[in-house]
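What follows is a set of notes on a single structure, which appears directly below.
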Amino acid sequence: MAKKTTNPTKSLKIPAIIIVSAKICAFISTKLATQFAAKIFTTPIKHKVPKREYEMDSKSVKKTIYVPSIDKSVITYLYGESKQKILLVHGWSGRGTQLFKIADELLQKGYSTVSFDAPAHGKSEGKTTIMSEFIASILEIERQFGPFEIAIGHSLGGMSVLNAIKDGLVVDKAVIIGSGDIVQDILDEFVFKLGLKKEISQNLRDFFENKYQVKMDDFSAYRAAKKIENPVLVIHDNDDPEVSVKAGIHINENLKNGSLFLTTGLGHRKILGNQNVIKRILDFIKNQ
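Counting along the sequence shown from 1, when you hit position 161 you're at 160 in numbering that gives the first Met the number 0, and nothing is skipped either side.
Spelled out as structure tokens, the structure:
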């Protein structure tokens, strides 16, 4: 029997039970709906390590490191042995081994990679997290394992890489794949998928700004891009169902030294294992 393949250009659905729960909360009160949405928004889904990632998972040297600024610990993966190190950053509900195909190719080219399970992801402890904790983890990993020549981030990991560079991460170049852009757009899309009214999206932004004492738009990728001088390769799929291609295009427009590589039909995750994409990354790293 042929193996059923999922359509990479079809969006992942939020489970019906969560949508029903959100609507019940909204019926009771807007405040309750906002609190429920905030809880779901900051709770990643922990997936088992798939078989295709076993090799990287088993051959990596794992170390738990403490990130003082957020009072949390994360699991790191050191893959390969080389002084030429590249940092890999997964996206929301991802894992430190998710970019294994890129990591394998980098190993063959003489690099080693350092990746990590972000707070509340993979083997790292915790239930909830937010992008600022991804950024804090990156900066602590640089302190303990750096310097890195390149940083590569997927999805929220792409946004986090750009923000980390803005906040002091030192790399020669960066690659972002399927990165989100404007935080309010991400909140709007999330609230829409939950089946809630748009006003909840504004409430959600206010909730996070009050809780974390930050301005959410300060984390928008295009804002970080404006402050980055380094060469950055922006990769995005025209048919990405999770993050619109306009995000990648807009980020690239705001980079001083950006290059844009658009693919078709690979969606949000399949793009990580595509040979043309990996070749483009290797060429970008190699070229002075």
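Just so it is clear, CB atoms sit at the ideal spot from N, CA and C, and this is done for glycine as well.
| query | result |
| --- | --- |
| Assign Gly-257 to one of three DSSP states: helix, strand, or coil. | strand |
| Could you tell me the alpha carbon to alpha carbon distance between Gln-143 and Glu-208, rounded to whole angstroms? | 30 Å |
| Rank Lys-12, Ala-36, Ile-101 by C-alpha distance to the C-alpha of Glu-52 and give the top, closest one. | Ile-101 |
| In terms of residue numbering, what span does the beta strand (DSSP E) encompassing Lys-113 cover? | According to the sequence as given, residue 113 is Val; it is not Lys. It spans 111-116 - the beta strand (DSSP E) in which Val-113 sits, taken as one unbroken run. |
| Return the chain-ordered list of same chain residues with a C-beta closer than 6 Å to the C-beta of Asp-205, the five sequence neighbours on each side being excluded. | none |
| May I have the straight-line CA-CA distance separating Ile-16 from Val-170, to the nearest angstrom? | 43 Å |
| Tell me whether the region 108-119 and the region 56-75 touch, counting them as touching only if at least three CB pairs, one residue from each stretch, are closer than 8 Å. | yes |
| What is the DSSP secondary structure of Val-88, counted as helix, strand or coil? | strand |
| Could you please give the first and the last residue of the uninterrupted beta strand (DSSP E) stretch that includes Thr-63? | 60-66 |
| Just how far apart, CA to CA, sit Glu-148 and Gly-157? | 16 Å |
| Quick one, which of Gln-83, Lys-126, His-153 has its alpha-carbon nearest Thr-292's? | Any question about residue 292 goes unanswered here, given that the chain covers just 0 to 287. |
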